[in-house]
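Have a look at the structure below before the remarks.
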Amino acid sequence: MASKNWRAGGKILSSALAAVGLLAVAAPSGDAWSVPSNFAPPNYIGSADPHFIWEMLIGGIVVVSFLGAVALWVMSAWRKVKRAQLRRNAFISSALNNLSQGVVMTDAQKRVVFCNNRYLEIYGLTRSDIRKDMTGPDLLALRRKRGVLDVSTDEFYQFAGTGEGLITELPNGRSIVVKYWSLPNGGSVATHEDCSEQRRLSRQLATTTQFLESVIDNVPVCVAAKSIEDGRYILANRAFEKFSRLSRENIVGKRADEIFQPATAAGIATADRAALESPDSQFRNEMLVERGLEKRTLASNRVIARDDQNQPKFLIALFDDITDHKSLSVELENTKKFLELIVDNIPVSLIVERVSDGKYLLANRSAETILNRRREDATGLTAADIFNPREAKLIVARDEAAIKKRGMLTEEHPISTKDGLRLFLTRRVTVLDDAGEPQYLIKTHEDVTDRRQTESRMAHMAYHDGLTDLPNRAAFLQALAQMIEACADTDEQFAVLSVDLDGLKEINDVFGHSIGDKLLIEVSRRIQASARGGVVARLSGDEFGLLIDGRQPDIGKALAEKVAEALASEFPIEGKSVRIGCTTGISIFPRDGADAASLLANAGAALFRAKAKSRGSIGIFEPEMDQQIRDRRVLHQDLSLAIRNGELSLHFQPQAKAGHVIGGGDVIGFEALARWFHPVRGFVPPADFIPLAEESGLIVEMGEWILREACREAASWPQPLQIAVNLSPAQFMHGDLVSLVHSILLETGLAPGRLELEITEGVLIEDFDRGLALLRRLKALGVRVSMDDFGSGYSSLSYLQAFPFDKIKIDRAFVMNLGRNPQSAAIVRAVIGLGHGLEMSIVAEGVETQEQLSFLADEGCNAVQGYFIGKPAPILQYAALVGRNDASPVEPARKAG
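Going by the working numbering, the sequence shown opens with residue 1080, and the numbers climb by one from there.
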């Protein structure tokens, strides 16, 4: 607006000046001024004519006005040009400042005449850094000082002036390409462009290209590409080289008729034409190829690659040698018939059901017992068509539970058959389709009626001596624990007698073990008669245990004397007169101990002292006998009280599916771990009390409590997660472990498939055959068995070969060194490969870092456990994982036994 006003004012001024000029010209020619003819100015300049002077004065004014108008016009035009120049400069400057490239211009004296904002932004400079008369080299020196230029000035101009330009790396990791041009007027222009993304994309493209080439080269089928124009091969992978027995150099650039024999080349040409003529530019066929003196059958797939004009450009051929595959077809058919024959004759009932409609698709001959009809008649029917409404409703409900679980569901239940009510072990497994949805349900039914009866008899055998039918050590300890519990908090007393037979070894050596066994039977009868209904047990080969209540130690000592007197008489066995004596050790409750282990140990200590003193004598335990025994008694007593008084508790550590990232949905189960909080000592580490329990035999009682409590807790979870419990080798050596597990499962209602029993190699090292037999019986219950701490001990592969463990747990010693010890990584990788080869799941213990977790996930480890996943804690802390929305804990058991 100001410029417009200026221009308007100039026009008005010009008009005014023009008017003055016209008046000045017109004035002398008329009398418009209204001055009398006789008018004369009051003064004269010399003798000049006054009219002349007026004319000169007015003419001067006109000339001055004209010159002023010309000057004003020139000034106005100059200002207009200057404004246009400023607008042009502002436009150019704005355009350059909005470029994505940095721009620097210098004049012939190398002075910086312009640099845009992008340049300053790239190198972290400000306008104030660009001082007046700064030269290009000065600007480079400033950048070098600021740490954003890593080359000399000469190197900058040398490389920036090339076609490729100069690439500099900035401290922030960005890459800048600089290009420099000299101008004809001696000046220069330089552009600075951020090429970080382009360089990243270039590297990525190179990596991708290399990856694709590597993939194609490692594809197990032959891959070749040829030009449509001349039919020459332009690509051949390693499989093609191996099949053709030619190097890549002898394939690329040649046609098929230069590589293969004429008949083969003709077949290839025919297949190529078929691909070109195919509407979808693809052609599949099988063709015969001559390779040397042999003929091979190839399965071929040809695809035409077209350019952007939809013109055929390349032909890509993939082919696989199926000669051996076709030769196996007959064998495959025979194998199929063989498998059908096996399935039809296995002694377990097998039924396959379609999930979508519940119809039975397959049933073997053994299933006819369950279905109560011929298998052919059951095909196409549902459970509702075959069973009565009540049974059908139960069967459908269990089927739906198995389908929902998408895993194995195992249970035992009675089924009515033509032979009456029988107990069956039923396993249900869901088969998923390619989309991961349930497609089939496979059910097996195994009649375990006879087996369970046998196990019942074996349970009796497990708690009784096979020779004398007396209770064994495990049963004696149970009876002792029950008496302790009954007499606790009362004034009642009872004595524990440990009776050792004197001279049994000599009798076996002289008369033979047959006589010795019969002697033991008679001895047991006389001891039972002497005890008069008291508890009598055979603790070992020549040791018996007795329990007697009453006032002590008089009653206990009297019984010991009576037993000695009963055994003093001769034993007539097979016409021979055999004599034997006994030595007895006595401990008294509660004076000598408040738990079974302490009482039995102290009775043994008294027996040891008595035998040392004189065979045939009676020893009563005294607290001053041995300081070490007293210390062990205190420890045993504390641990025994811990179980009885509820000082022991269970913590649970989660196990999750291995993956780079683990969420709550990845948790598959927990391991139950015992914790002891002593009322005086406080928290007692497991490393302190577990070995004590192992040494004292208390681990058997403790292990039973842990197993029962863990199963009871897991059975209360809404989510059917796995629960893992450690078993001690001592539990395998004492009592009927299989019956114990079975009874706990029935008592707690936990599905056998959810229980995982973890054992160490010590179970098999102690007694391989017995341990293996027990493991097989446990497996028959439907529980899972895993090898714990694999690699920390003997780790004999024969164990893995002899027994099909469900899981192998890699010892934490190897996992903790991942990332630091390459040998540990190699061992872990080998164990994972070994387990997968044996179709066993792998769990890694001791995972404490993301690096360890990622390594295990990449190596295909199935599951992980450790502080990184979750620390052992009361189940209340994991309430959400087990499905308890209200996070209410289960009331802990206060008593074991």
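Heads up, the beta-carbon is just placed ideally off N, CA and C, and yes, glycines get one too.
May I have the straight-line CA-CA distance separating residue i from residue j, to the nearest angstrom?
{"i": "Tyr1957", "j": "Val1759", "result": "29 Å"}
{"i": "Glu1356", "j": "Lys1305", "result": "16 Å"}
{"i": "Leu1932", "j": "Phe1749", "result": "18 Å"}
{"i": "Asn1451", "j": "Val1510", "result": "26 Å"}
{"i": "Asn1467", "j": "Ser1495", "result": "11 Å"}
{"i": "Glu1479", "j": "Arg1507", "result": "10 Å"}
{"i": "Asn1413", "j": "Phe1884", "result": "32 Å"}
{"i": "Leu1405", "j": "Gly1371", "result": "It should be pointed out that residue 1405 corresponds to Lys in this sequence rather than to Leu. Distance between the alpha carbons of Lys1405 and Gly1371: 20 Å."}
{"i": "Leu1854", "j": "Asn1941", "result": "23 Å"}
{"i": "Lys1974", "j": "Asp1633", "result": "With a pLDDT of only 32 at Lys1974, under 50, the local geometry of the prediction cannot be trusted, and the value read off the model is given with reservation. When rounded, the distance between both Cα atoms is 33 Å."}
{"i": "Glu1640", "j": "Thr1663", "result": "9 Å"}
{"i": "Val1427", "j": "Lys1522", "result": "10 Å"}
{"i": "Leu1500", "j": "Ile1425", "result": "22 Å"}
{"i": "Glu1840", "j": "Glu1930", "result": "29 Å"}
{"i": "Leu1556", "j": "Phe1947", "result": "41 Å"}
{"i": "Ile1347", "j": "Ala1335", "result": "7 Å"}
{"i": "Leu1857", "j": "Ser1693", "result": "47 Å"}
{"i": "Trp1133", "j": "Val1160", "result": "40 Å"}
{"i": "Gly1925", "j": "Ala1457", "result": "52 Å"}
{"i": "Lys1736", "j": "Glu1835", "result": "16 Å"}
{"i": "Leu1917", "j": "Ser1865", "result": "13 Å"}
Specify the secondary structure class of residue i as computed by DSSP and reduced to three states.
{"i": "Ala1119", "result": "With a pLDDT of only 49 at Ala1119, under the threshold of 50, the placement of this residue in the model should not be trusted; the figure read from the coordinates follows. Coil, per DSSP."}
{"i": "Val1740", "result": "coil"}
{"i": "Leu1473", "result": "helix"}
{"i": "Pro1129", "result": "helix"}
{"i": "Ala1350", "result": "helix"}
{"i": "Glu1924", "result": "coil"}
{"i": "Ala1958", "result": "coil"}
{"i": "Val1191", "result": "strand"}
{"i": "Thr1458", "result": "coil"}
{"i": "Gly1945", "result": "coil"}
{"i": "Pro1361", "result": "The amino acid at residue 1361 is misidentified as Pro; the sequence shows Gln. In this structure, Gln1361 counts as strand in the three-state DSSP scheme."}
{"i": "Ser1435", "result": "coil"}
{"i": "Lys1950", "result": "coil"}
{"i": "Lys1161", "result": "helix"}
{"i": "Val1508", "result": "strand"}
{"i": "Gln1283", "result": "helix"}
{"i": "Arg1324", "result": "coil"}
{"i": "Phe1768", "result": "helix"}
{"i": "Gly1624", "result": "strand"}
{"i": "Arg1453", "result": "coil"}
Looking only at its chain, what residues have a beta carbon closer than 7 Å to the beta carbon of residue i, apart from the 5 residues adjacent to it on each side?
{"i": "Ala1789", "result": "Leu1729, Ala1751, Ile1802, Val1804"}
{"i": "Leu1913", "result": "none"}
{"i": "Ile1586", "result": "Ile1594, Gly1595, Leu1598, Val1657, Ile1659"}
Below 6 Å CB to CB, which residues in the same chain sit around residue i once its five sequence neighbours on both sides are set aside?
{"i": "Cys1301", "result": "Ala1318, Phe1319, Phe1322, Phe1398"}
{"i": "Phe1118", "result": "At Phe1118, the pLDDT of 46 sits below 50, so the modelled position is not reliable; the number obtained from the coordinates is stated separately. So the list is empty, once near-sequence residues are dropped."}
{"i": "Ser1719", "result": "Asp1674"}
{"i": "Asn1896", "result": "Ser1903"}
{"i": "Val1256", "result": "Gly1244, Ile1246, Glu1272, Cys1274"}
{"i": "Lys1690", "result": "Thr1662"}
Could you tell me whether the Cβ of residue i comes closer than 8 Å to any Cβ of chain C?
{"i": "Leu1843", "result": "This model lacks chain C altogether; it includes just one protein chain."}
Since I believe residue j is in contact with residue i (beta carbons under 8 Å), could you give me their beta-carbon distance rounded to a whole number of angstroms?
{"i": "Leu1576", "j": "Ala1682", "result": "7 Å"}
{"i": "Asn1264", "j": "Ala1187", "result": "6 Å"}
{"i": "Ile1699", "j": "Ala1685", "result": "6 Å"}
{"i": "Ala1574", "j": "Ile1627", "result": "5 Å"}
{"i": "Arg1552", "j": "His1813", "result": "7 Å"}
{"i": "Leu1851", "j": "Ala1809", "result": "Contact doesn't hold; Cβ gap of about 17 Å is too wide."}
{"i": "Phe1650", "j": "Glu1601", "result": "5 Å"}
Going by the C-beta, is residue i closer than 7 Å to any heavy atom of the ligand GDP?
{"i": "Val1759", "result": "Annotation note on the ligand GDP: not contained in the displayed structure, which lists no ligands."}
Leaving out five residues on either side along the sequence, give the residues of the same chain with a beta carbon under 8 Å from the beta carbon of residue i.
{"i": "Gln1707", "result": "A caution first: Gln1707 carries a pLDDT of 49, below 50, which makes its placement in the model too unreliable to give a value."}
{"i": "Arg1606", "result": "Per the sequence presented here, residue 1606 reads as Ile, with Arg not at that position. Answer for Ile1606: Val1578, Val1615, Phe1623, Leu1625, Val1642, Ala1645, Leu1646, listed in chain order."}
{"i": "Asp1296", "result": "Asn1316, Arg1317"}
Quick one: which unbroken alpha helix (DSSP H) runs of 4-plus residues sit fully inside the segment 1637–1707? Chain order, please. 1675–1692
Unbroken stretches of the beta strand (DSSP E), 3 residues or longer, contained in the segment 1778–1825: 1801–1805
Ignoring anything shorter than 3 residues or poking outside the segment 1525–1602, list the beta strand (DSSP E) runs there in chain order. 1573–1581
List, from N- to C-terminal side, the beta strand (DSSP E) runs of 3 residues or more that fit wholly inside the segment 1197–1268. 1245–1248, 1254–1261
For the segment 1382–1418, list the beta strand (DSSP E) runs that are entirely contained and at least 3 residues long, ordered along the chain. 1391–1400
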